[in-house]
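Let me begin by presenting the structure, written as structure tokens, before commenting on it.
Number of protein chains: 2
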Amino acid sequence: MDFFPSALDNLIDKFATLPGIGRKTAQRLAFFVMSLPDEEAISFADAITEAKNSIEYCAICLNLTDGEICVVCRDTGRDAGIVCVVPDSKGVLAIERSHEYKGRYHVLHGVISPMNSIGPDDIRIKELMARVSDGDVDEVIMATNPDTEGETTARYISRLLQPFGVKVTRLAYGIPVGGSLEFVDDATLMRALEGRLEM
Amino acid sequence: MDFFPSALDNLIDKFATLPGIGRKTAQRLAFFVMSLPDEEAISFADAITEAKNSIEYCAICLNLTDGEICVVCRDTGRDAGIVCVVPDSKGVLAIERSHEYKGRYHVLHGVISPMNSIGPDDIRIKELMARVSDGDVDEVIMATNPDTEGETTARYISRLLQPFGVKVTRLAYGIPVGGSLEFVDDATLMRALEGRLEM
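These protein sequence lines are chains X and E, in that order.
If you count by this note's numbering, then the first sequence holds residues 1 to 199, one letter each, in order.
If you count by this note's numbering, then the second sequence holds residues 1001 to 1199, one letter each, in order.
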């Protein structure tokens, strides 16, 4: 496509690096940005720069924040004794959506994945251990994704936590609320049976 | 989600304004950009600014270009007497992919769409008329999309062109190459029959 200006090609390339965005979609997005009024396109660029410049990891839980400490860790109404371990900031978002959880978080920024050469030292486990060894934590809730890598990571961390005598729990597996039994996969049904509760 | 930094919320909002990008995808993209190394995120922002600043409409065909005249219009090997009318720059890209066309283009930057209050004066028809009335054009090929708005636009323009005595053609309708008859819709089959050629 060398009949397009190189700056446009470059922008298409950038969009194509985003996850889930293929070449065609990248073209569509780049053309759309080109069709925007100047000030809107520039404010898009500014939003990226500003977010990147102003946002850091919370000094306590490593969630994204624009202060030194994130709003969850700053909130004195929340229980600092409970720490929910999530793979990334999207995990925080998901748990917060339940409006149920009143503890704090720890963001791992990844999961252990030998396939992708991501070992325990490549994610933020050390920081979690430091928090727990400080002695203020009573319970650690593992909320990694329900897949092999998430499971591996959860087990690895829970083994590391054993010497500290802290309670380690895990999100329950089971049938999704509002789901239909016939569409629930076998593995989930098995877990739901295993975890059955008295009524 | 007011527990996320406002700069991040703002970036999510920006991504969500892109066509075909919903709230969830916008979040995913924003988080991804946050996870990039600083220089990569900044170079994304720069790509937008630079594309927007350096790219203009070609003075002849209104396609996107970084010079005054685009590479197609600059190419003396192409036939300036044939003008292919496309709705947008993506149309140029599509026709070029055929490697068949050796004429020039005219980019309308939209189609007539009463539903969206886009009238003939809102798209670049005037510029096409000016090119034709200059007398160098022998044939105008209408390559608008094969939908109602594209058809309407093509018919409107071809009526305007009548007084100039220029040849006006349209891309052929028919069954797509490599397609299977059973999946071709009725309207297309009808057009394919109407436009049948002797073998």
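Glycine included, C-beta positions come from ideal geometry on N, C-alpha and C.
The bridge partners DSSP lists for GLY1103 of chain E are E:ASP1079. Residues of chain X whose Cβ lies closer than 8 Å to the Cβ of ARG1028 of chain E are, in chain order, PRO19, GLY20, LYS90. Among the residues facing chain E, ILE55 of chain X is included, as its CB has a counterpart in that chain under 8 Å away.
Using a Cβ distance threshold of 8 Å, PHE44 of chain X and ILE1048 of chain E count as a contacting pair. In the structure shown, GLU198 of chain X falls within a coil segment according to DSSP collapsed to helix, strand and coil. With the criterion set as a beta carbon lying under 9 Å from some beta carbon of chain X, the members of the region 1040-1051 of chain E are GLU1040, ALA1041, ILE1042, SER1043, PHE1044, ALA1045, ASP1046, ALA1047, ILE1048, THR1049, GLU1050, ALA1051, in sequence order. Comparing alpha-carbon positions, the option among E:ARG1124, E:ARG1078, E:ASP1122 lying closest to LYS1102 of chain E turns out to be E:ARG1078. Under the 8 Å criterion on CB atoms, PRO5 of chain X is classed as interfacial with respect to chain E.
For LYS1014 of chain E, the nearest beta carbon of chain X is closer than 8 Å to its own beta carbon.
Taken in chain order, the unbroken stretches of beta strand (DSSP E) that lie wholly in the region 1033-1090 of chain E and span 3 residues or more are 1079-1086. Looking at the DSSP output, LYS1167 of chain E bridges to E:GLU1139. Scanning chain X for C-beta atoms nearer than 9 Å to the C-beta of VAL1033 of chain E yields LEU18, ILE48, ALA51, LYS52, reported in chain order. Per the Cβ contact rule, the region 15-22 of chain X is not in contact with the region 1056-1068 of chain E (fewer than 3 Cβ pairs under 8 Å). CA-to-CA, the gap between ILE157 of chain X and LEU1008 of chain E works out to about 29 Å. In the three-state reduction of the DSSP assignment, SER1117 of chain E falls in the coil class, being assigned neither a helical nor a strand state. Between ASP13 of chain X and LYS24 of chain X, the alpha-carbon positions lie close to 11 Å from each other. Closest option to ALA1016 of chain E, judged by alpha-carbon separation, among E:VAL1111, E:ARG1124, E:ARG1028: E:ARG1028. Nearest C-alpha to VAL1107 of chain E among E:ASN1116, E:ARG1159, E:ALA1059, E:GLU1139: E:ALA1059. Around the Cβ of MET1034 of chain E, a 10 Å sphere holds 16 or more other Cβ atoms; the residue is buried. Counting along the chain, the unbroken alpha helix (DSSP H) around TYR1156 of chain E starts and ends at 1148-1161. Measuring C-alpha to C-alpha distances from GLY1110 of chain E to each of E:VAL1177, E:ILE1042, E:THR1152 identifies E:THR1152 as the nearest.
Contacts between THR65 of chain X and chain E, judged by CB atoms closer than 7 Å, involve PRO1005 in chain order. If you look at SER6 of chain X, you'll find it in the alpha helix (DSSP H) that goes 6-16.
For SER133 of chain X, the enclosing alpha helix (DSSP H) covers residues 125-133. Here VAL1177 of chain E is exposed, its C-beta having fewer than 16 other C-beta atoms within 10 Å.
Here ALA1143 of chain E has CYS1084, VAL1085, VAL1086, GLY1091, ILE1095, LEU1171 as same chain residues with Cβ atoms under 7 Å from its own Cβ, once five neighbours each way along the sequence are excluded. For ASP38 of chain X, the closest Cβ of chain E is nearer than 8 Å. A Cβ-Cβ separation of about 12 Å leaves GLY81 of chain X out of contact with ASP134 of chain X under the 8 Å criterion. Sequence-distant Cβ neighbours of GLY1119 of chain E in its own chain, meaning closer than 8 Å and more than five residues away, are ILE1112.
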